[in-house]
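>
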Amino acid sequence: MNTTLLYFTGTGNSLVVAKDLAAALGNAPRIQIAKKNWEKITGTTWSGTVGIIFPVYFGGLPHMVERLAEQLQVEAGTYVFAVATYGGMPGVAFEQLKEILARRSIPLPAVFGVLMPGNYQVMYPPRSIQQQEDQFSREKEIIKAIAKLVSNRAEVLRPRPGFLTRVISPLFYRSLHPATRDRHFRATDTCNGCGLCVRICPARNLTLQDNRPVWNHQCEFCLACLQWCPVQAIQYEKKTVRRGRYHHPEVRVEELYQD
Ligand SMILES: Cc1cc2nc3c(=O)[nH]c(=O)nc-3n(C[C@H](O)[C@H](O)[C@H](O)COP(=O)(O)O)c2cc1C
Ligand code: SF4
Ligand code: SF4
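Here my numbering is used: the first residue of the sequence shown is 6, the next is one more, and so on.
1. Between Phe99 and Val161, what straight-line distance do the alpha-carbon atoms span, to the nearest angstrom?
2. Measure the C-alpha to C-alpha separation of Cys230 and Gly15 and round it to an integer number of angstroms.
3. Quick test of your reading: His189 and Tyr129, contact by CB under 8 Å. State the CB separation rounded to the nearest angstrom.
4. Roughly how far, in whole angstroms, is the beta-carbon of Val79 from the beta-carbon of Trp51, given that I think they are within contact range, below 8 Å?
5. Run through the DSSP bridge pairs and tell me what Phe117 is partnered with.
6. Given a cut-off of 7 Å, decide if Ala27 and Leu11 are closer than it, judged by their beta-carbon atoms.
7. Buried or exposed: which applies to Asp187, given that a residue is buried once 16 or more other Cβ atoms fall within 10 Å of its Cβ?
8. Does the region 103 to 111 come within contact of the region 33 to 44, defined as at least 3 CB pairs closer than 8 Å?
9. Whose C-beta lies closer than 6 Å to the C-beta of Ile267 among residues of the same chain, with five residues either side of it excluded?
10. Taking only three categories from DSSP, how would you classify Ala291?
11. Given a cut-off of 7 Å on the beta-carbon distance, is the pair Gly92 and Gly65 in contact?
12. Tell me whether Glu225 is buried or exposed, calling it buried when 16 or more other Cβ atoms sit within 10 Å of its Cβ.
13. Excluding the 5 residues flanking His252 on each side, which residues of the same chain have their C-beta closer than 7 Å to its C-beta?
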């Protein structure tokens, strides 16, 4: 039975999960959920097994993943599962995905969470190298277990989030507007106009003007531009000036735009 993995990523955690899972499932093909692949992903009727892999944003789904769930087409009998990577609080991301798919009569029989280093450096610094390494080794073990369950088309449910999570998560989530979130990004004089941020943006939200990036208000808030800039020229207000940067060390930046 064919398996396809669809993944969204900003700093590589979900890409590593997709790669490890693809390897454990016998080199399953994986496709990045990004604007460049949109027609292909939404124009195909998928069958067999389909995995949706994504980071949790404000207790919910990245907008592009939400839109994908609204447009995904699968043949009857397809086993659809989801893996969320998150830094500590998955909120209601699984419930959100399940609900959207259910409206379209697509069952979501299995969901998995993988704790990874939190990359929301707008609010906190990156985890220590030791903490990151501990999480990376746990991820490898968890993926083996997930691969077994997926191969058996198992049903894997998670406990319903508590009342407070169900109430608070949607409040945070509302602040994640693609049209407004990027207003606080800026490139400092350190920018050398290399254009890497433009190439890696999954939303094609960046253009270069006078050798500086410009944000065009279709932002997924994945922080890829800020996290991967080789000279740390991108800041979010003043909040990220003294914060370090993070991306998964197993990922080469080229993988974000070549895949
Ligand atoms: C905008 C934004 C919001 C986030 N919100 C949450 C959250 O609500 N709960 C959580 O546990 N992690 C949150 N995170 C952390 C990411 O989910 C986590 O680091 C994820 O593994 C990043 O995946 P990636 O490297 O594939 O982009 C957030 C990250 C970003 C950029
Ligand atoms: S990646 Fe950094 S240095 Fe390169 S264009 Fe973007 S902001 Fe400037
Ligand atoms: S502009 Fe930056 S934060 Fe927004 S989607 Fe593109 S890479 Fe991600």
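All residues carry an ideal CB built from backbone N, CA and C; glycine is no exception.
Just so it is clear, the structure is predicted and the values come from calculations on it, not from any experiment.
Reading off the structure:
1. The count along the sequence shown starts at 1 and reaches residue 99 at position 94. The count along the sequence shown starts at 1 and reaches residue 161 at position 156. About 12 Å.
2. Walking along the sequence shown from the start, residue 230 turns up at place 225. Walking along the sequence shown from the start, residue 15 turns up at place 10. If I take the Cα positions, the gap works out to 8 Å.
3. For the purposes of this step, residue 189 is taken as residue 184 along the sequence shown, with counting starting at 1. For the purposes of this step, residue 129 is taken as residue 124 along the sequence shown, with counting starting at 1. No, His189 and Tyr129 are not in contact; Cβ-Cβ is about 17 Å, not under 8 Å.
4. Locating residue 79 in the sequence shown gives position 74, counting from the first residue. Locating residue 51 in the sequence shown gives position 46, counting from the first residue. 5 Å between Cβ atoms; contact.
5. Against the sequence shown, residue 117 aligns to sequence position 112. Beta-bridge pairing links Phe117 to Val88.
6. Against the sequence shown, residue 11 aligns to sequence position 6. Against the sequence shown, residue 27 aligns to sequence position 22. No, the Cβ-Cβ distance between Leu11 and Ala27 is not below 7 Å.
7. Here residue 187 is taken as the residue at index 182 of the sequence shown, counted from 1. Classification for Asp187: buried.
8. no
9. Any question about residue 267 goes unanswered here, given that the chain covers just 6 to 264.
10. In the structure displayed, the chain extends from 6 to 264; residue 291 sits before or after that span and is not available.
11. Position 87 of the sequence shown, counted from the first residue, corresponds to residue 92. Position 60 of the sequence shown, counted from the first residue, corresponds to residue 65. Not closer than 7 Å, so no.
12. Your numbering for residue 225 matches position 220 in the sequence shown. When all chains shown are included, Glu225 counts as buried.
13. Position 247 of the sequence shown, counted from the first residue, corresponds to residue 252. Apart from sequence neighbours up to five positions away, the residues of its chain that approach His252 with a beta-carbon distance below 7 Å are Thr16, Gly17, Gln232, Trp233, ordered along the chain.
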